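Protein chains in written order, with numbering that gives the first Met the number 0: chain C, 0 to 345; chain L, 0 to 345. All C-beta atoms, glycine included, are put in the ideal place defined by N, C-alpha and C. Since we're looking at a predicted model, the values are computed, not measured. Beneath this line is the structure, given in structure tokens, with notes to follow.
Number of protein chains: 2
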Amino acid sequence: MSRSRATVSIRDVAAAAGVSVATVSRVLSPASPDIPMRQATRERVVRAIDELGYRPNDLARALLQQRTSTIGLVLPDISNPYYPPLVRGVEDAASAHGYRVVLCNTDGDPEKIAAYLDILVKARVDGIVVAGGGLPQLPGPPLVFETYRTKLVMVGRHRLAHPSVQIDNVAATRAATAYVVGLGHRGIAFLGGPASSSTARDRLLGYREARRDAGLPEAGPDTVRTGGFDERGGYHAARSLLGGEPPTALVCVNDRTALGAYAALADAGLSIPADVSVVGFDDVPMASFVRPTLTTVAVPTYEMGQAALRLLRDALDGTASTEPVLLPTRLVVRTSCAPPRAAGAR
Amino acid sequence: MSRSRATVSIRDVAAAAGVSVATVSRVLSPASPDIPMRQATRERVVRAIDELGYRPNDLARALLQQRTSTIGLVLPDISNPYYPPLVRGVEDAASAHGYRVVLCNTDGDPEKIAAYLDILVKARVDGIVVAGGGLPQLPGPPLVFETYRTKLVMVGRHRLAHPSVQIDNVAATRAATAYVVGLGHRGIAFLGGPASSSTARDRLLGYREARRDAGLPEAGPDTVRTGGFDERGGYHAARSLLGGEPPTALVCVNDRTALGAYAALADAGLSIPADVSVVGFDDVPMASFVRPTLTTVAVPTYEMGQAALRLLRDALDGTASTEPVLLPTRLVVRTSCAPPRAAGAR
DNA sequence: TTGTAAGCGTTATCAC
DNA sequence: GTGATAACGCTTACAA
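Rendered as structure tokens:
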């Protein structure tokens with residue numbers, strides 16, 4: 000009555016049911032069905048819980064059990080359309096196994112990354128999924144994670160001894176490029192992606208390898224335009240390429256870049272695929288709704304998220320390998336590519 | 000040495016520094032600078048912290064202080080491109096004020112919503128931001144939130160006595176429709192949005208009001224096509240509309256729907272805006288990169304996220320009003336609208 | 001079948 | 001200036 004404690008705790012339930020806190024705890028325990036208890040007691044406790052609207056405090060439980068059932072998800076920017084499916088993959092798998100997900104947008108900024116990792120360790124998350132890189136730049140060996148038994152799983156390329164989910168960017172881009180080569184293209188440019196990104200570097204490498212496979216000359220600066228990862232970057236990269244003799248095909252570092260190129264091509268009065276063929280990467284939802292529909296490499300982003308959480312659970316069980324898990328990509332042929340106007344001309 | 004405790008705790012630091020745990024706590028306290036302490040002591044503690052790689056346990060702190068510095072963010076689906084900017088708005092503001100964000104995708108499913116709210120209460124989050132509705136369908140009065148002093152803030156329309164951030168969907172769609180009316184259009188259809196969504200209903204209402212303003216006949220089923228909120232929904236809605244006498248302008252419930260309509264129009268050999276004008280809603284990033292660029296209503300999504308977190312902080316301070324905070328929208332005129340081919344014909 | 005009590009890692013209130 | 005110690009809300013031996 001006087002000075003009632005703020006919220007409802009297990010003690011209030013115990014008092015209301017006329018039992019000890021241990022008994023209440025037993026009713027709430029996951030092993031409850033196996034715990035011998037008088038039926039009447041159990042019912043009294045359940046009733047008290049209902050009436051008081053009691054919700055057990057997970058903090059206290061976590062403190063005792065040394066696990067929070069919480070994981071951190073660290074990525075550059077959820078606004079990048081590449082990430083939402085990944086996030087859902089992680090979250091769906093996480094919630095299916097009783098984990099909560101703390102979202103951390105870092106913009107790829109090493110300082111923000113470091114700050115978030117610190118926060119997550121202090122929150123004693125059971126594990127952390129890191130997508131989009133940025134970790135290798137961390138100062139010093141991250142033994143903090145060992146100290147607090149925080150498991151790390153990476154999505155994408157990295158140089159650390161942690162489990163990871165990846166795709167073969169080199170092979171996928173090589174195959175995508177080979178596809179336009181097979182269509183008869185020779186003037187093939189590569190568009191977008193900052194050199195600072197290992198993903199972009201891998202895709203560029205795949206493009207170079209495909210050129211070599213096809214006996215095309217080494218790609219020079221005239222056929223490779225680096226830039227951003229987004230529509231704007233693709234737009235400007237494509238524009239700058241259209242100045243000289245325009246290529247007949249564009250291999251883009253990702254779909255956003257490709258969609259930016261679509262806009263640049265339209266503005267230049269060039270038609271896809273009659274004048275220029277375009278290939279993307281990622282297969283974002285828009286890829287099948289632009290016209291012409293975009294031929295692109297489908298990345299199993301959602302599945303990568305799921306796989307990352309599975310790896311995290313394995314790591315928590317002590318049964319995780321640091322051997323990267325490679326998920327398959329697939330070239331989705333749609334309508335943005337066609338043979339060049341005058342195949343073989345020149 | 001023997002049976003060393005698993006992780007490093009404040010006690011280990013105290014032992015290493017040869018002080019009491021209270022002293023370590025004082026060094027770590029936010030008020031540390033104001034606490035009188037011998038410089039040498041402080042230094043010894045700091046050194047011990049560094050050497051042991053100690054990170055204070057936020058759970059223990061939270062348990063004691065009755066606040067977790069964590070908030071829940073409940074929304075239908077992060078994969079819906081409308082949400083990422085909102086999420087970033089919330090998260091940026093949250094992290095700026097020391098809050099962690101737990102992400103909860105519900106697919107709008109009442110059961111998932113209820114389950115997540117329960118989880119969040121058990122996690123003793125300080126507050127919850129609910130976007131995308133679905134709450135009113137919860138069974139019974141949510142007095143659990145009162146019991147555990149969990150503050151709720153809504154983004155979008157709702158019928159609950161909680162603070163909220165909203166936009167005026169009716170007025171915005173009315174203005175957008177008035178814009179195409181002003182261009183001379185009379186055959187104006189409304190596309191997409193399930194009737195179950197209050198947002199969709201509001202936008203439809205705005206469309207109807209604009210028709211009335213313009214002296215157009217009440218919209219019948221032939222001019223209103225409900226459906227999904229996404230590209231697919233827009234595509235099919237537009238297709239079904241193109242059967243009879245096609246409208247000269249399409250007012251779409253959102254940009255995804257509009258982009259779906261773009262595809263349907265292209266497939267039907269109709270050109271935008273020569274044959275049909277299109278207006279969207281939301282101003283997602285793609286809107287300025289499709290060709291023709293999409294005329295649409297810009298929604299300050301990121302700012303809404305920020306505002307939601309501000310409201311949550313106000314609520315935690317006890318200084319929040321349940322009066323909805325209305326953020327302004329803006330019609331962004333681009334190139335998807337033009338006067339109808341034969342203005343006034345018929 | 002149920003209760004008592006120790007302890008998870010902190011902070012805050014007293015003493016000294 | 002610094003140190004004991006009692007909470008915070010729970011789970012889990014161990015007793016009864």
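Taking 8 Å as the CB-CB limit, is Asp313(L) close to chain C?
no
Nearest-angstrom Cα separation, counted from Gly17(L) out to Leu58(L):
25 Å
Can you tell me which of the three DSSP states Thr328(L) falls into?
coil
Close-in-space but distant-in-sequence residues of the same chain around Arg54(C) (CB under 8 Å, 5 per side omitted)
Val7
Roughly how many angstroms lie between the CA atoms of Ala61(L) and Arg158(L), to the nearest whole one?
32 Å
CB contact below 8 Å: Phe288(C) versus chain L
yes
Given this structure, state the Cα-to-Cα distance separating Ala122(L) from Asn56(C), to the nearest angstrom.
6 Å
For His161(L), does the count of other Cβ atoms within 10 angstroms reach 16, so buried, or fall short, so exposed?
buried
Ser163(C) - DSSP class collapsed to helix/strand/coil:
strand
C-alpha gap between Arg43(C) and Ser31(C), whole angstroms:
15 Å
Partners in chain C for Gly181(L), counting only beta-carbon separations shorter than 7 Å:
Per Cβ cutoff of 7 Å: no residues; Gly181(L) is ~27 Å from chain C at best.
Where do the ends of the beta strand (DSSP E) carrying Ala130(L) lie?
Gly126 to Ala130
Using a Cβ-Cβ cut-off of 6 Å (strictly less than) and excluding sequence neighbours within five positions of Val332(C), which residues of its own chain qualify?
Thr294
Would you please verify whether the beta carbon of Val26(L) is less than 8 Å from any beta carbon of chain C?
no
List, in order along the chain, the chain C residues whose C-beta lies closer than 8 Å to that of Met285(L)?
Glu230, Leu258 and Met285
Opening and closing residue of the beta strand (DSSP E) in which Ser276(C) lies:
Ser276 to Asp281
So what does DSSP say about Met153(C), is it helix, strand or coil?
strand
Would a check of beta-carbon distances place Thr146(C) closer than 8 Å to chain L?
yes
Are the CB atoms of Tyr206(L) and Phe228(L) within a distance shorter than 8 Å?
no
Leu63(C) burial status per 10 Å Cβ neighbour count (16 or more: buried)
exposed
Asp11(L) CB to nearest chain C CB: under 8 Å?
no
Going along chain C, which residues have a C-beta under 7 Å from Ala59(L)?
Leu62
Distance cutoff 8 Å, beta carbons only. Does Val143(L) sit that close to anything in chain C?
yes
Taking beta-carbon pairs under 7 Å, can you tell me which members of the stretch 47 to 58 of chain C lie near chain L?
Gly52, Arg54, Pro55, Asn56, Asp57 and Leu58
Per DSSP, which residues does Cys103(C) bridge with? Please list them.
Val73(C)
On a Cα-Cα basis, can you pick out the residue from Ser24(C), Val250(C) and Thr69(C) that is closest to Val128(C)?
Thr69(C)
Simplified DSSP state of Ala16(C), which is helix, strand or coil:
helix
For Ser335(C), is the classification buried or exposed, using 16 other Cβ atoms within 10 angstroms of its Cβ as the cut-off for buried?
buried
When you compare the CB positions of Arg173(L) and Ala209(L), do they come within less than 8 Å of one another, or not?
yes
Interface flag, Arg99(L) vs chain C, CB-CB below 8 Å:
yes
Taking the runs of the beta strand (DSSP E) that are 3 residues or longer, which of them lie wholly in the stretch 196 to 235 of chain L?
none
The beta strand (DSSP E) with Val296(L) in it runs from where to where?
Thr294 to Ala297
Output needed in chain order: residues of the stretch 111 to 129 of chain L with a Cβ under 9 Å from some Cβ in chain C.
Lys111, Ala114, Tyr115, Asp117, Ile118, Leu119, Val120, Lys121, Ala122 and Arg123
As assigned by DSSP and simplified to three states, the class of Leu264(L):
helix
Could you give the DSSP three-state label for Val7(C): helix, strand or coil?
coil
Among Leu134(L), Arg99(L), Gly97(L) and Pro338(L), the one whose alpha carbon lies nearest that of Ala114(L)
Leu134(L)
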